[in-house]
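Q: Got a structure for you, questions after.
2 protein chains.
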Amino acid sequence: MRLFYHHPLVASARKVRLVLHEKRLAYDERVIEPWRESEELLGLTPAGELPVLVDEDQAVVSDHGAITEYLDEVYPDVPLIGRTPGERAEARRLAAWFDDKFYWEVTHQIAGEKLIRRVSANAAPDSRALRAGRENIQIHLQYLTWLKERRSWLAGDSLSIADLSAAANISLVDYSGDMPWEQYPEVKEWYVRVKSRPSFRPLLKDTIPGVPPAPVYTDLDF
Amino acid sequence: MRLFYHHPLVASARKVRLVLHEKRLAYDERVIEPWRESEELLGLTPAGELPVLVDEDQAVVSDHGAITEYLDEVYPDVPLIGRTPGERAEARRLAAWFDDKFYWEVTHQIAGEKLIRRVSANAAPDSRALRAGRENIQIHLQYLTWLKERRSWLAGDSLSIADLSAAANISLVDYSGDMPWEQYPEVKEWYVRVKSRPSFRPLLKDTIPGVPPAPVYTDLDF
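Pasting the structure below:
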């Protein structure tokens with residue numbers, strides 16, 4: 701059986717879970733706390749970082765970007781990186797935008813402080829980081845609004861890794877209760893569509909001991 | 701004509717230049733200082749970040765990872781991401797290792813301080829950052845040695861984006877004169893092979909006004 705190493709608080713691993721579910725690839729899961737060094741993980745990949753996939757043929761694939769590309773190559777039935785080179789470049793550009801830029805400017809500052817810091821160190825969030833995250837998110841949601849006014853999905857006419865990467869990150873900010881939904885109705889409309897997909901259900905069931913999700917997190921009609 | 705926006709001090713843009721030259725794709729270049737906001741760049745991509753490629757058909761591709769994948773898809777004659785899904789996953793994993801991990805732990809700390817800070821702000825390097833970079837590089841060079849003992853190129857039997865990403869980053873550290881070559885003969889042997897390729901010649905001609913390269917930088921027999 702395919703085995704996927706992840707943690708509900710790791711945004712890039714959430715993206716890969718969405719990819720796996722969109723492609724209807726069954727897997728066993730192994731949840732590893734990313735703030736502790738894991739011998740098991742280091743035995744699989746020198747970075748020792750989540751996520752890691754051990755595929756059915758025992759191929760070990762690590763790095764969220766490499767796993768995503770691998771899954772789209774080996775299981776192309778539900779293509780998630782677009783069809784033409786131009787579409788694929790756009791999906792990858794936007795996925796990287798959310799995996800890197802949004803992650804460091806927003807997810808890390810908000811969910812990193814309110815969720816990971818609480819669970820890993822039982823510590824209160826750093827208020828400067830939180831403030832920065834809440835400020836930074838505005839420009840990203842304005843950009844998402846701009847994209848949504850022009851396209852049905854973020855990178856074009858069909859769902860892609862751009863949507864999954866964005867939704868994975870936003871879902872963690874939403875879990876914290878920090879999404880300013882009322883100011884961004886277009887983004888909300890898009891997120892409701894992603895959140896209503898069967899692939900999203902496992903993520904909505906995530907609960908972190910000691911840090912319950914904001915009520916809006918599981919609500920499909922918020 | 702294909703147009704490539706880059707700067708000699710941007711590691712990920714150096715990687716893409718190597719990809720372009722390995723694939724023998726001619727291009728005009730536009731050098732942009734990455735520490736100033738560029739209207740021209742912002743007109744091409746919302747991130748406003750280097751590198752950006754405007755291909756012959758005027759397709760605009762940004763994000764170094766998306767450009768690399770695009771070039772390998774559209775110009776597959778000289779494949780640089782391996783052939784099997786396993787090889788491709790390994791090349792991508794290692795390219796990401798050098799683009800992200802090595803970059804932030806080493807290149808940014810050493811070349812960012814000694815070259816970019818000097819050129820952009822005429823300021824001296826932060827000695828703590830430099831010390832961190834020189835310490836961090838050891839584990840990376842040990843890992844490179846481990847890889848080299850097992851493979852002819854970093855990701856397997858042929859040159860790939862893993863080698864180009866590693867060499868692009870290392871070339872900036874080498875420009876600063878901070879590569880501890882004598883301690884890592886296997887890494888040196890691999891780097892000499894990459895550095896001797898025709899694709900590397902344009903990089904060896906890079907000179908940054910006010911910050912001459914270390915003598916070893918252009919020497920093929922150091």
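Going down the list, the sequences are from chains A and B.
When we follow this note's numbering, the leftmost residue of the first sequence carries the number 701, and every step to the right adds one.
When we follow this note's numbering, the leftmost residue of the second sequence carries the number 701, and every step to the right adds one.
Each residue gets a CB set at the ideal place from its N, CA and C atoms; glycine is no exception.
Where are the alpha helix (DSSP H) runs, 4 residues long or more, that stay fully inside the stretch 734-793 of chain B, in chain order?
A: 739-744, 764-774, all fully within the stretch 734-793 of chain B.
Q: Within a Cβ cutoff of 8 Å, which residues of the same chain sit near G748/A, ignoring the five residues on either side of it in sequence?
A: Taking the first sequence and counting its residues from 1, the one referred to as residue 748/A is at position 48. E737, S738, L741, L742.
Q: Please classify R788/B: is it buried, with 16 or more other beta-carbons within 10 angstroms of its beta-carbon, or exposed?
A: Sequence index remark: in the second sequence, residue 788/B carries index 88 (1-based). R788/B comes out buried.
Q: I believe A868/A touches R702/A by the beta-carbon criterion, under 8 Å. Please report the beta-carbon distance rounded to the nearest angstrom.
A: Position 168 of the first sequence holds residue 868/A. Position 2 of the first sequence holds residue 702/A. Contact flag wrong, Cβ pair sits at about 19 Å.
Q: In terms of residues, what are the limits of the beta strand (DSSP E) holding R730/A?
A: Residue 730/A sits at position 30 when you count from the first residue of the first sequence. That run of the beta strand (DSSP E) goes 728-731.
Q: Given this structure, state the Cα-to-Cα distance separating A829/B from S820/B, to the nearest angstrom.
A: As a working note, residue 829/B is residue 129 in the second sequence. As a working note, residue 820/B is residue 120 in the second sequence. If I take the Cα positions, the gap works out to 17 Å.
Q: How should S827/B be labelled, buried or exposed, when 16 other C-beta atoms within 10 angstroms of its C-beta is the threshold for buried?
A: The residue given as residue 827/B occupies position 127 in the second sequence. The residue is exposed, with fewer than 16 neighbouring Cβ atoms inside 10 Å.
Q: If the cut is a Cβ gap below 8 Å, which residues of chain A does V911/B touch?
A: Counted from its first residue, the second sequence places residue 911/B at position 211. The contacting residues do not exist; V911/B stays about 28 Å from chain A at best.
Q: Rounding to the nearest angstrom, what Cα-Cα distance links V806/B and S871/A in this structure?
A: Counted from its first residue, the second sequence places residue 806/B at position 106. Counted from its first residue, the first sequence places residue 871/A at position 171. Approximately 32 Å, taken between the alpha carbons.
Q: Under a three-way DSSP split, which group does Y884/A fall into?
A: Walking along the first sequence from the start, residue 884/A turns up at place 184. Here Y884/A sits in coil by DSSP.
Q: Alpha carbon to alpha carbon, what distance is there between V719/A and S876/A?
A: Counting from 1 along the first sequence, the entry for residue 876/A is found at position 176. Counting from 1 along the first sequence, the entry for residue 719/A is found at position 19. Those two C-alpha atoms are separated by around 23 Å.
Q: Return the chain-ordered list of same chain residues with a C-beta closer than 6 Å to the C-beta of E756/B, the five sequence neighbours on each side being excluded.
A: The count along the second sequence starts at 1 and reaches residue 756/B at position 56. Here the set comprises R702.
Q: Assuming P898/B and H706/B make a contact with CB atoms under 8 Å, what is their CB distance in whole Å?
A: Here residue 898/B refers to the residue found at position 198 when the second sequence is read from its first residue. Here residue 706/B refers to the residue found at position 6 when the second sequence is read from its first residue. About 18 Å separates the two Cβ atoms, so there is no contact after all.
Q: Suppose contacts are defined by Cβ-Cβ distances below 8 Å. Is E729/A in contact with F704/A by that definition?
A: Locating residue 729/A in the first sequence gives position 29, where the first residue counts as 1. Locating residue 704/A in the first sequence gives position 4, where the first residue counts as 1. Contact flag set, yes.
Q: Taking C-alpha atoms, which residue in T745/A, W890/A, S852/A, T768/A lies nearest to S712/A?
A: Mapped onto the first sequence, residue 712/A falls at position 12. The shortest Cα separation from S712/A among T745/A, W890/A, S852/A, T768/A belongs to T768/A.
Q: Pick from L725/B, P746/B, W735/B: whose alpha carbon is nearest that of L847/A?
A: For the purposes of this step, residue 847/A is taken as the residue at position 147 of the first sequence. Here the closest residue by C-alpha is P746/B.
Q: In the DSSP output, what is W853/B paired with across the bridge?
A: The residue given as residue 853/B occupies position 153 in the second sequence. Partner(s): G856/B.
Q: What distance in whole Å lies between the Cβ atoms of S860/B and A791/B, which are believed to be in contact at a cut-off of 8 Å?
A: Here residue 791/B refers to the residue found at position 91 when the second sequence is read from its first residue. Here residue 860/B refers to the residue found at position 160 when the second sequence is read from its first residue. Right, their Cβ atoms sit about 4 Å apart.
Q: Please report the distance separating the alpha-carbon of M879/A from that of L709/B.
A: Working through the first sequence from its first residue, we reach residue 879/A at position 179. Working through the second sequence from its first residue, we reach residue 709/B at position 9. Straight-line Cα distance between these residues: approximately 37 Å.
Q: By a C-beta neighbour count over all protein chains shown, 10 Å radius and 16 as the cutoff for buried, is G910/A buried or exposed?
A: Within the first sequence, the letter at position 210 stands for residue 910/A. Result: exposed.
Q: Which chain B residues sit within Cβ distance under 9 Å of P776/A?
A: As a first step, residue 776/A must be located in the first sequence, where it is residue number 76. Neighbours of P776/A on chain B: none; closest Cβ ~11 Å, over 9 Å.
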